[in-house]
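Per the working numbering, the sequence shown runs over residues 126 to 271.
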Amino acid sequence: MRRAATAALVALLGGAALVPVALARPAYREAAVRQFGYPGSLLNRSTMSCTFCHVSERGGAPWNVFGEELRGALRERPGARFPEVLHGVLARDLDADCDGYADALEVFARTLPGDPDSHPTEAEAALRTRFEAAGGADLYRPKAAK
């Protein structure tokens, strides 16, 4: 019994050493996944990649153009909660990566608003119609805490 417990602990600690990045999710990323209503695990990068805001798959500096928009908005509103700032950035209806799709439309279509090579395949007008019918930028308004 004791040997099995020791083996399990060694396996757990050894495995933990291999996945520190997977467990080190920034609070902002987790908040955005919840705010966007993206399905899937918060720990799964396919739910929302770090490249949503960062240049690197591992996060950290540097940030892409959408990430820089968020950083600027956070500096403009010291003390503001991240979900409020995120909604404010999306409500501006800007296109950070200049790919022809506003950032909020890219969030809705689950593409990357900071990467011009990642954009919806649906025509902008049709996507905007569906987005507005679903609630527009208000979809990403912070939810009241329960």
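For every residue, glycine included, the Cβ atom is placed at its ideal position computed from N, Cα and C.
- Between glycine 165 and threonine 176, the C-beta spacing is not below 7 Å.
- The segment 212 to 219 and the segment 174 to 190 do not touch, with fewer than three beta-carbon pairs separated by less than 8 Å.
- Nearest to proline 241 by C-alpha distance, out of Thr254, Ala227, Ala248, is Ala227.
- Note that the segment 196 to 211 does not touch the segment 245 to 263; fewer than 3 beta-carbon pairs, one per stretch, sit closer than 8 Å.
- In this structure, DSSP gives histidine 179 an extended state, which the three-state scheme calls strand.
- In this structure, the straight-line span from the alpha carbon of asparagine 189 to that of glycine 261 is close to 24 Å.
- Contact between leucine 211 and tyrosine 163 does not hold, since their C-beta atoms are separated by about 13 Å, which reaches or exceeds 8 Å.
- Per the C-alpha coordinates, the member of Asp220, Ala152, Arg253, Arg255 positioned closest to proline 238 is Asp220.
- Under the DSSP assignment, aspartate 228 falls in the alpha helix (DSSP H) whose first and last residues are 228 to 234.
- Here the alpha carbons of phenylalanine 233 and glycine 192 stand approximately 17 Å from one another.
- Tyrosine 153 and serine 243 have their alpha carbons spaced roughly 21 Å apart.
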